[in-house]
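Novice: In the numbering used here, the protein residues as written are 1 to 376.
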Amino acid sequence: MKDKQPRNPFVFGGAVKDADFCGRRTELAELKSDALSGQNVLVYASRRYGKTSMLEVLCEQRRAEGVKCMYVDASRALDVGDFVNEYFNAFARELGGVERVIETIKNKLGFGLSFSIRPGAAAGDIAYALDVGVKEKQVSLEQVVNLPFAYAKKENSLFIVVIDEFQEIAKLGLEAKLRSYFQTHGRKVGYIFAGSKKSILIQMFGDKGRPFYQSVKTMPMNGIPEKDWQPFIVKQFAKGNRKINHKQISRIVTLARGCPYLVQHLCHVLWDITGDVIQDGDIDAALNVVLAREDNKYALAWDMLSLTQQKMAYILADEPDELYAKGVLQEYGMVPSAAQKALAGLWAKDVTDRTHDGRYAFQDPFFRLWLLRRKK
Ligand SMILES: Nc1ncnc2c1ncn2[C@@H]1O[C@H](COP(=O)(O)OP(=O)(O)OP(=O)(O)O)[C@@H](O)[C@H]1O
Ligand SMILES: [Mg+2]
Numbered sequence: 001m002k003d004k005q006p007r008n009p010f011v012f013g014g015a016v017k018d019a020d021f022c023g024r025r026t027e028l029a030e031l032k033s034d035a036l037s038g039q040n041v042l043v044y045a046s047r048r049y050g051k052t053s054m055l056e057v058l059c060e061q062r063r064a065e066g067v068k069c070m071y072v073d074a075s076r077a078l079d080v081g082d083f084v085n086e087y088f089n090a091f092a093r094e095l096g097g098v099e100r101v102i103e104t105i106k107n108k109l110g111f112g113l114s115f116s117i118r119p120g121a122a123a124g125d126i127a128y129a130l131d132v133g134v135k136e137k138q139v140s141l142e143q144v145v146n147l148p149f150a151y152a153k154k155e156n157s158l159f160i161v162v163i164d165e166f167q168e169i170a171k172l173g174l175e176a177k178l179r180s181y182f183q184t185h186g187r188k189v190g191y192i193f194a195g196s197k198k199s200i201l202i203q204m205f206g207d208k209g210r211p212f213y214q215s216v217k218t219m220p221m222n223g224i225p226e227k228d229w230q231p232f233i234v235k236q237f238a239k240g241n242r243k244i245n246h247k248q249i250s251r252i253v254t255l256a257r258g259c260p261y262l263v264q265h266l267c268h269v270l271w272d273i274t275g276d277v278i279q280d281g282d283i284d285a286a287l288n289v290v291l292a293r294e295d296n297k298y299a300l301a302w303d304m305l306s307l308t309q310q311k312m313a314y315i316l317a318d319e320p321d322e323l324y325a326k327g328v329l330q331e332y333g334m335v336p337s338a339a340q341k342a343l344a345g346l347w348a349k350d351v352t353d354r355t356h357d358g359r360y361a362f363q364d365p366f367f368r369l370w371l372l373r374r375k376k
């Protein structure tokens, strides 16, 4: 009897870990050393480059070493009260168990917070809701944000706090307050801020007038390099006794520019459509499927651009060696001043990025491929 086919080993959407997690050793080692020395870090990357996965793995690794490491997702909070509750729940989860939280907060740390317990969204998950009125929210914000520090002081240990989608705190009007609280925590609490709205984050940490100005070490996160993908992809396909060669993997990683979500999506489709030995043409077929699936998303992103930004997107999709070379802008009837404005607009909308060699690149490399097809 033929063995049942194993499930598709390529997963996309949501954080991944264990056997689904590839690479990021250098970044994890650097973050570990920074966090353990109380150095605050800003991790930023385009959407779906694997921030959440990496940060969750970082937390797991530290916990295994006995270091407290809590993870807060700021994008879940729609107002200050939500943020306080998210923070509190993350701290409570880290301490583990209702009794310990009550005991630690009320007795050990001497805080007068009152909270109730409500069932969480997932089975077996418990969430705590702070019983605070509108007026007390600011007070409880300070108390809750100080919890990891109070704990670290009491235990004479370090506490790591990861805040994902950190740009959202600007929307909540919490920049100045959080900065003033965090500032008093010295090296007892190591903060790791992360987010995908690069244009906003760079302003938050790079503009002189902003509370978090130059308060962190910045760590841009790029795609995962091919040398890490090669053994990972071979191993995943081998789970179904399928063979993929070195050159084919290289092509996949180049197309996706190492973006983990895109590599996983492409390989997921490839797994579904191929036989035991992957053929070169299968990669093109898989790419067609992925681009068709993402069509709505890209069409929406395209509609969000002004006409000059659309023209500039077309120009950049061709990856010209020299943007201001004769003929490049003229093809679309664009003058350099309009080009500059369009480039700034594409950056502000998080469509493109400036690479280290001064060129412009699409944050989502498949958006570029989608554009090239549309342009034809
Ligand atoms: N280290 C990794 N190894 C393998 N796949 C990964 C890795 N990191 C991310 N992925 C892939 O990318 C997808 C998105 O990952 P994740 O949610 O961590 O990214 P993100 O940057 O936090 O995304 P968002 O910008 O939407 O918050 C995952 O579902 C998985 O398919
Ligand atoms: Mg994320």
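Backbone N, C-alpha and C define an ideal beta-carbon position, used for all residues, glycine too.
1. Between aspartate 357 and glutamate 294, what straight-line distance do the alpha-carbon atoms span, to the nearest angstrom?
2. For the structure I just gave you, are there three or more beta carbon pairs, one from the segment 32–52 and one from the segment 189–208, closer than 8 angstroms?
3. My output table needs one value for aspartate 321: the three-state DSSP class, helix, strand or coil.
4. Which runs of the beta strand (DSSP E) at least 3 residues long sit entirely within the segment 18–97? Give them in chain order.
5. Residues in its own chain within less than 6 angstroms of valine 134 by CB, not counting five upstream and five downstream?
6. Classify valine 132: buried if its beta carbon has 16 or more other beta carbons within 10 angstroms, exposed otherwise.
7. Which residues in the same chain as arginine 374 place their Cβ atom closer than 6 angstroms to its Cβ, once the five residues preceding and following it in sequence are excluded?
8. Cα-Cα, which of Trp302, Pro260 and Leu255 is closest to alanine 286?
9. Please list, in chain order, all residues of the same chain as alanine 176 whose beta carbon is under 8 angstroms from its beta carbon, the five residues on each side excluded.
10. Going straight from the alpha carbon of glutamate 155 to that of proline 148, what length do you get?
11. So, using beta-carbon positions, are aspartate 276 and arginine 242 closer together than 8 angstroms?
12. Report buried or exposed for proline 336, applying the criterion of at least 16 other Cβ atoms within 10 angstroms of its Cβ.
13. Which class does alanine 194 belong to by DSSP, given the choice of helix, strand or coil?
14. In or out: serine 46 buried (at least 16 other Cβ within 10 Å) or exposed?
15. If we ignore side chains and look at the alpha-carbon of each, how far apart do glycine 66 and threonine 355 end up?
16. In chain order, which beta strand (DSSP E) runs of at least 3 residues are fully inside the segment 200–285?
17. Under the criterion of a Cβ to heavy atom distance below 7 angstroms, does glutamate 51 qualify as lining ligand 2?
18. When the Cα atoms are used, what is the spatial distance from phenylalanine 253 to phenylalanine 232?
19. Which residue from Phe362, Asn296 and Val216 puts its Cα closest to that of asparagine 222?
20. For the structure I just gave you, are there three or more beta carbon pairs, one from the segment 11–30 and one from the segment 224–238, closer than 8 angstroms?
21. I'd like to know whether the C-beta atoms of glycine 281 and serine 306 end up nearer to each other than 8 angstroms.
22. Under 8 angstroms: do the segment 48–61 and the segment 200–207 share three or more Cβ pairs, one atom per stretch?
23. Which first and last residues belong to the alpha helix (DSSP H) in which arginine 179 is found?
24. Do you know whose CA, among Leu172, Thr274 and Leu323, lies nearest arginine 76's CA?
25. Considering only heavy atoms of ligand 2, does any lie closer than 7 angstroms to the CB of aspartate 164?
26. Near methionine 219, what residues of its chain come up, given a Cβ to Cβ distance below 6 angstroms and the 5 sequence neighbours on each side ignored?
27. Under 8 angstroms, do tyrosine 360 and leucine 343 count as touching if we go by C-beta distance?
28. Quick check on DSSP: helix, strand or coil for arginine 354?
29. Can you tell me whether isoleucine 224 sits near ligand 1, meaning its C-beta is under 7 angstroms from at least one heavy atom of the ligand?
30. To the nearest angstrom, report how far apart aspartate 73 and glutamate 86 are at their CA atoms.
31. Tell me which residues share the same chain as phenylalanine 12 and place their Cβ nearer than 7 angstroms to its Cβ, disregarding the 5 neighbours each side in the sequence.
32. If I measure Cβ to Cβ from serine 33 and keep anything under 6 angstroms in the same chain, skipping five residues before and after, which residues do I get?
33. Count the other CB atoms, across all protein chains shown, that sit within 10 Å of the CB of serine 140; report buried if there are 16 or more and exposed otherwise.
Specialist: If we stick to the structure as given:
1. Whole-angstrom Cα-Cα distance: 29 angstroms.
2. A contact is defined here as three or more CB-CB pairs under 8 angstroms, and the segment 32–52 meets this definition with respect to the segment 189–208.
3. Note: aspartate 321 maps to coil in three-state DSSP.
4. Fully enclosed beta strand (DSSP E) runs of 3 or longer: 41–44 and 68–73.
5. A caution first: valine 134 carries a pLDDT of 44, below 50, which makes its placement in the model unreliable, though a value can still be read off. So the list is empty, once near-sequence residues are dropped.
6. Residue confidence for valine 132 is low, a pLDDT of 49 falling below 50, so the modelled location carries little weight and cannot support an answer.
7. Same-chain partners within the cutoff: there are none.
8. Taking only the C-alpha atoms, the option nearest alanine 286 is Leu255.
9. Sequence-distant partners of alanine 176 (beyond 5 residues in either direction) whose C-beta falls short of 8 angstroms from its own C-beta, in its chain, are Pro211.
10. Roughly 10 angstroms between the two C-alpha positions.
11. Using a Cβ distance threshold of 8 angstroms, aspartate 276 and arginine 242 count as a contacting pair.
12. Its Cβ having fewer than 16 others within 10 Å, proline 336 is exposed.
13. Of the three classes helix, strand and coil, the one that applies to alanine 194 here is strand, per DSSP.
14. Under this definition serine 46 is a buried residue.
15. Distance between the alpha carbons of glycine 66 and threonine 355 is about 38 angstroms.
16. Correct list: 217–220.
17. Note on residue identity: the sequence assigns lysine, not glutamate, to residue 51. Under cutoff, so the answer is yes.
18. It should be noted that the sequence gives valine, not phenylalanine, for residue 253. Cα to Cα, valine 253 sits roughly 12 angstroms from phenylalanine 232.
19. Of the residues Phe362, Asn296 and Val216, the one whose Cα lies closest to the Cα of asparagine 222 is Phe362.
20. A contact exists between the segment 11–30 and the segment 224–238.
21. No, they are not a contact pair.
22. Three or more Cβ pairs closer than 8 angstroms define a contact, and the segment 48–61 falls short of that threshold against the segment 200–207.
23. Judged by DSSP secondary structure, arginine 179 falls within the alpha helix (DSSP H) whose first and last residues are 175–183.
24. Minimum Cα distance to arginine 76 is reached at Leu172.
25. Checking the Cβ of aspartate 164 against ligand 2 gives yes.
26. Taking C-beta separations shorter than 6 angstroms and ignoring five residues to either side along the sequence, the partners of methionine 219 in its chain run Val41 and Val43, following chain order.
27. The beta carbons of tyrosine 360 and leucine 343 sit closer together than 8 angstroms.
28. Correct three-state label for arginine 354: strand.
29. Yes, since a heavy atom of ligand 1 falls inside the 7 angstroms radius drawn around the Cβ of isoleucine 224.
30. One C-alpha to the other measures close to 7 angstroms.
31. Excluding positions up to five away in sequence, the list reads Tyr261, Gln264, His265 and His268.
32. Here the set comprises nothing.
33. Buried: at least 16 other Cβ atoms inside 10 Å.
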